[in-house]
Amino acid sequence: MLDDASQLITWVLVGIGWFLVNRQNDLREARKELRSKITELCKLVSDIEADATTFYARAGNAAEAVSDRGKITHKLSLLGVGVSQITPRHHPILGALVTFRQSITGDAFDEEARASLRYNNPTLDSVRAAAEMLVDQLESAFCVRYAQTAKLAEEYPNTK
Amino acid sequence: VDFTAQTNWSKFVIVNTVIISVADDFSRYPAGRSRTHGPNSGERFREELLWPNLSNPLNSVTVKLDGTRGYNSSFLDEAFAGLLREHPMLSNDLEQRLVLIGKDASIVEEIWGYIREQKARGKNR
């Protein structure tokens, strides 16, 4: 009788252990997947920023402009779908993405005759600022979800 | 109390739902604000597809945004907020009669942002 009970307890403990380990593995995998997705999206943001800077900084011919516009718009669309997959509706990241798209594809984007803009032009500044804001939002969303208070406290010892 | 006197019945009586797929019914490459920017502009989308369907107060319009190569902000502003600029009578019930569907939630959010901004501008005039 006592043997049966101890066997049962052993199996229950094994079951609980398996469940906990499995759950931890799932969480770790989900975290890795999200991390790699965010890294991928941040790289896309930086690609689009570079393309937009090139687009505005050089006065190319009309055919080049059409092709460049198409590439930028397509990459923005991929970024939008990627961000939407990991973000709930009305999340601030979507607002940052809208600002990023507006900074690149506003009215100046459609102009046939493009003058090359200087590096410190307000249009380029706003593209850079919007890109930074979007990357910050993506990174901070990851931190909020997976922040380990102890780790953060180690990293920023003077913050209380 | 006469409730009917203050009721906007178009909010409640929608007879037809028209589905517009931007990619299938307009173009896979929507771009530009006005017709001078090209054949697939926001102005043409608004005047040839959105307005003819929304001008009937009994219609509700569902716009499918997927399938295109992407959107630029000027296209979205002209096509959707432009509706309220050019046809201010829609400002009463556009939000009840327009449905936007797309995988990219930021596009949907951007369009509603333009519509709300334009509505606020119209009220402040």
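First to last, the sequence lines map onto chains H and Y.
Position one of the first sequence corresponds to residue 10 (this note's numbering), numbered consecutively onward.
Position one of the second sequence corresponds to residue 813 (this note's numbering), numbered consecutively onward.
For every residue, glycine included, the Cβ atom is placed at its ideal position computed from N, Cα and C.
{"Asked": "Pairwise C-alpha distance: P864(Y) and T819(Y)", "Found": "Per-residue confidence for T819(Y) stands at a pLDDT of 46, beneath the threshold of 50, marking its modelled position as unreliable; the derived number appears in the next sentence. Taking the straight line from one Cα to the other gives about 25 Å."}
{"Asked": "Short Cβ contact (8 Å threshold) for Q930(Y) with A891(Y)", "Found": "no"}
{"Asked": "Near-chain H residues of the region 893-924 of chain Y - C-beta to any C-beta below 8 Å", "Found": "K915, D916, A917, S918, I919, E921 and E922"}
{"Asked": "Euclidean distance between Cα positions of S135(H) and F64(H)", "Found": "14 Å"}
{"Asked": "Where R98(H) meets chain Y, residues with beta-carbon distance less than 9 Å", "Found": "A917, V920 and E921"}
{"Asked": "Interface flag, Q111(H) vs chain Y, CB-CB below 8 Å", "Found": "yes"}
{"Asked": "M901(Y), buried or exposed, once every other Cβ within 10 Å from all chains shown has been counted against 16", "Found": "exposed"}
{"Asked": "Chain H contact for S886(Y) (CB, 8 Å cutoff)", "Found": "yes"}
{"Asked": "CB-CB length for E922(Y) against S885(Y), believed under 8 Å", "Found": "7 Å"}
{"Asked": "Neighbouring residues, chain H, relative to G882(Y) (Cβ below 7 Å)", "Found": "T82, H83, L85 and S86"}
{"Asked": "Contact list for the region 831-847 of chain Y against chain H, Cβ threshold 8 Å", "Found": "Y841, A843, G844 and R845"}
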